[in-house]
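Reading through the structure tokens given below for one structure.
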Amino acid sequence: MQNFLAQQSVWKNDILDCTKREFIAIKDYKKPWYIISPDNTYIEYWSKLMTILLMYTALVTPYRVAFVEVDSGPWLIAEYAIAALFFMDFIVNCVLAFYDREKVLIFEPKKILIKYLFSWMIFDLFACLPFTLIFNSNGQYNSIVRVARLPRLYRLVKITKLLRVVKAMKNGSKILKHVNSLFKISASFERIFWFIFTYIILIHLVACMWVFIARIDNSDINWIFFGNFQDYESIDLYFASLYWAVTTFATVGYGDIVPINLLEKIYVCIIMTIGIVFYSYSISSLTNILSNLDNRKSKLSHQYLILDMIANKFQINAVFYQQISQALEYIYNNSPTDINEILNDLPSNLSNQVIAVVYEAKIKNNAFFDKRSTEFVGWVASRLKSYKSPARTVLYNEGEFANQVYFITKGSVEFTVSFNENTIPYLELNADYYFGETDLLFSENKSRMNTVKTIGESEFLTLSNDFFYELLTNFDDEAIEICSIAKERLERTNIKYLDALYNLEHRIPISKSKSFPRKVIDKEILEPISNFRGFPENEEKSSRKTPNLFREILDSKLNIKHARIKRILQKINDIEKQCEDVEQQTEKIKKQMNFKYQEFQNKYYPTF
Numbered sequence: 001m002q003n004f005l006a007q008q009s010v011w012k013n014d015i016l017d018c019t020k021r022e023f024i025a026i027k028d029y030k031k032p033w034y035i036i037s038p039d040n041t042y043i044e045y046w047s048k049l050m051t052i053l054l055m056y057t058a059l060v061t062p063y064r065v066a067f068v069e070v071d072s073g074p075w076l077i078a079e080y081a082i083a084a085l086f087f088m089d090f091i092v093n094c095v096l097a098f099y100d101r102e103k104v105l106i107f108e109p110k111k112i113l114i115k116y117l118f119s120w121m122i123f124d125l126f127a128c129l130p131f132t133l134i135f136n137s138n139g140q141y142n143s144i145v146r147v148a149r150l151p152r153l154y155r156l157v158k159i160t161k162l163l164r165v166v167k168a169m170k171n172g173s174k175i176l177k178h179v180n181s182l183f184k185i186s187a188s189f190e191r192i193f194w195f196i197f198t199y200i201i202l203i204h205l206v207a208c209m210w211v212f213i214a215r216i217d218n219s220d221i222n223w224i225f226f227g228n229f230q231d232y233e234s235i236d237l238y239f240a241s242l243y244w245a246v247t248t249f250a251t252v253g254y255g256d257i258v259p260i261n262l263l264e265k266i267y268v269c270i271i272m273t274i275g276i277v278f279y280s281y282s283i284s285s286l287t288n289i290l291s292n293l294d295n296r297k298s299k300l301s302h303q304y305l306i307l308d309m310i311a312n313k314f315q316i317n318a319v320f321y322q323q324i325s326q327a328l329e330y331i332y333n334n335s336p337t338d339i340n341e342i343l344n345d346l347p348s349n350l351s352n353q354v355i356a357v358v359y360e361a362k363i364k365n366n367a368f369f370d371k372r373s374t375e376f377v378g379w380v381a382s383r384l385k386s387y388k389s390p391a392r393t394v395l396y397n398e399g400e401f402a403n404q405v406y407f408i409t410k411g412s413v414e415f416t417v418s419f420n421e422n423t424i425p426y427l428e429l430n431a432d433y434y435f436g437e438t439d440l441l442f443s444e445n446k447s448r449m450n451t452v453k454t455i456g457e458s459e460f461l462t463l464s465n466d467f468f469y470e471l472l473t474n475f476d477d478e479a480i481e482i483c484s485i486a487k488e489r490l491e492r493t494n495i496k497y498l499d500a501l502y503n504l505e506h507r508i509p510i511s512k513s514k515s516f517p518r519k520v521i522d523k524e525i526l527e528p529i530s531n532f533r534g535f536p537e538n539e540e541k542s543s544r545k546t547p548n549l550f551r552e553i554l555d556s557k558l559n560i561k562h563a564r565i566k567r568i569l570q571k572i573n574d575i576e577k578q579c580e581d582v583e584q585q586t587e588k589i590k591k592q593m594n595f596k597y598q599e600f601q602n603k604y605y606p607t608f
């Protein structure tokens, strides 16, 4: 039986297996001391620093290449510092381990260098070279030196590392991850943000290159002199170039700024071709993104239409209307409905793991799910509904029909008792706890035994009574434990309830967090609540008042568990008997072999 229970997977362990970064065994290879693991904490910080440098390279360097003749002072120091950091990044990439296609971590230096050589090594090497220092000769620039400045543009190739972020977007890009952590945007808005960011960088680069090409050979035959822009300040010339880039990229082209020399015409042809492709792709992508947003919001919009119809037909007041609309919006924002599209196509074990991962943040510390199997958590979590309640709101009143179990994810609630037309709290439950299951198991006629209201603004996950009863039917071991814990909780709650009534009668302060020592309760206080709360005065009354549902569930599950243990023990006994039979047969075979050997020896080798 212990071996059987050991095979049940605890859901938190499965969550770690599904979410931890290094989940594939490393090959049997001795790791050199200088090789760095990609999961190293310092690599994460280094990656953030390089992301900032890449954004600087994409925004500042093109402008300085096109408009600044000589780098000097702080800019020159910044150039050297960035070149040094890029060189350090080059060294880090040369010794950075990687995962192969089979998700095996590779530490071999030769394989690391080969992979890096055929990916970004050449571009990274050019990015870290200090071309400003190499080609800066006494501050005198001629046309050859201007052409020599062209290698500085290779530093812009460093920005192509962001393409790896795009390729790896399914696994979470570093830039979008930082943006999402700051603004908590959805996946659709992540794509919109990435499109806008790419468009800005591309237009900025095209505009700066348009000025750089005009000035590359110190000739007066270019678009700057032809359009009389030669006396413009750098910022004015930049915006004129930016205007041309936007109109050309959008395939509009008003013709007020045109290419003059051959190099400019070639550049314009390239940009117009790229613009057509980018324009077509961006329109289709944005249309797809917006249509997906509309599809996702269509259900919520339809619910609002139904709500408006009900409000107009039945004259719902504004306060109640606002409560319903807020509840619908909260469910829309907090229910992971998108995952249902893939869950139906996955095997049950994988779908349970996906559900457990999705709901982990909300239920990982809840006492109801502590040490449960992944199958149990996946089954329950897929049937939970989100609910948000304002502060000081009654969730349900004593005597109402019990229709669901509540799991507190945020905030707290209090159980109250009515005394002299006043409502007094006597028990408080905080986040990561649950309540309501005792009403479904122990109350007569499935009515609520307490009045519960929120203390502050609170958020819950709820499980309907139908699913709760189905849970008790499908999971035998968990059902026994749930029922046993619920009975203990009911007894503790009843003690608190009776203590509260006694203390109110005798004007003693009530503590919501800790029970006072049990007092001798007056019969007139106990009598009004003893008919339905299930609190036993003696053993005979306890057996008479214990609800049939609890006894049926507990007896059924215990019988199933005992029958299972009996079957396992019977199998063990059968195996032991089979082992004994095998041992007996083995002994017989040994005796026969010894007898035959003696006969053979006496017959053919009598002298021995």
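Note that the UniProt record's numbering has the sequence shown beginning at 1, numbered continuously upward.
Beta carbons: idealized from backbone N, C-alpha and C, even for Gly.
This one's a predicted model, so the numbers in the text were calculated from it and none came from an experiment.
Spatially closest choice to residue i from the options, by CA coordinates
i           : options               : result
residue 432 : 415, 407 and 448      : 407
residue 327 : 389, 31, 88 and 229   : 389
residue 202 : 478, 192, 33 and 62   : 62
residue 496 : 510, 308, 471 and 107 : 510
residue 217 : 198, 264, 242 and 237 : 264
residue 193 : 276, 392, 282 and 113 : 282
residue 342 : 330, 355 and 334      : 355
Contact set for residue i: own chain, Cβ-Cβ below 7 Å, skip 5 residues either direction
i           : result
residue 234 : 67
residue 227 : 257
residue 116 : 93 and 94
residue 516 : In this predicted model, residue 516 has a pLDDT of only 38, less than 50, meaning its place in the structure is not dependable; the value taken from the coordinates is given anyway. Closer than 7 Å at Cβ, skipping near neighbours: 499 and 503.
residue 324 : 307
residue 247 : 253 and 254
residue 229 : 237 and 240
residue 204 : 59 and 62
residue 221 : 260 and 261
residue 213 : 263, 264 and 267
CB contact flag (residue i, residue j, <8 Å)
i           : j           : result
residue 427 : residue 493 : yes
residue 332 : residue 300 : yes
residue 415 : residue 425 : yes
residue 452 : residue 417 : no
residue 125 : residue 90  : yes
residue 483 : residue 429 : no
residue 65  : residue 208 : yes
residue 395 : residue 461 : no
residue 240 : residue 279 : no
residue 638 : residue 36  : Outside the displayed span of the chain (1 to 608) sits residue 638, for which this structure offers no information.
residue 191 : residue 43  : no
residue 112 : residue 123 : no
residue 486 : residue 437 : yes
Residue environment, residue i, which counts as buried when at least 16 other CB atoms sit within 10 Å
i           : result
residue 147 : For residue 147, the predicted structure reports a pLDDT of 44, less than 50, and the residue's modelled location is therefore unreliable. The matter cannot be settled from this model.
residue 378 : buried
residue 47  : exposed
residue 349 : exposed
residue 589 : exposed
residue 128 : buried
residue 362 : buried
residue 373 : buried
residue 592 : exposed
residue 270 : exposed
residue 50  : buried
residue 315 : exposed
residue 582 : exposed
Alpha helix (DSSP H) segment containing residue i, residue limits
i           : result
residue 426 : No alpha helix (DSSP H) holds residue 426; the beta strand (DSSP E) holding it covers 422-430.
residue 117 : 109-117
residue 444 : First-last for residue 444: undefined, no H or E at that position.
residue 243 : 234-249
residue 358 : 348-363
residue 34  : It is not in any alpha helix (DSSP H) - residue 34 carries neither H nor E in the DSSP assignment.
residue 74  : 74-94
Beta-carbon proximity list for residue i, same chain, < 6 Å, skipping 5 on both sides
i           : result
residue 403 : 465
residue 578 : none
Residue i - containing beta strand (DSSP E), residue span
i           : result
residue 462 : 458-464
residue 452 : 451-454
residue 647 : No information on residue 647 is available, as it lies outside the stretch 1 to 608 that the chain covers here.
residue 410 : 404-410
residue 45  : Premise fails: residue 45 lies in the alpha helix (DSSP H), 41-67, not in any beta strand (DSSP E).
residue 394 : 394-396
Sequence-distant residues of the same chain with beta carbon closer than 8 Å to residue i, five excluded per side
i           : result
residue 611 : Because the chain here runs from 1 to 608, residue 611 falls outside it and cannot be looked at.
residue 168 : Unreliable positioning characterises residue 168 in this predicted model, as indicated by a pLDDT of 36, which lies under 50. The coordinate reading is nonetheless provided below. Answer for residue 168: no residue qualifies.
Residue-level contact to chain B via CB, residue i, 8 Å cutoff
i           : result
residue 323 : In the structure shown, chain B does not exist; there is a single protein chain.
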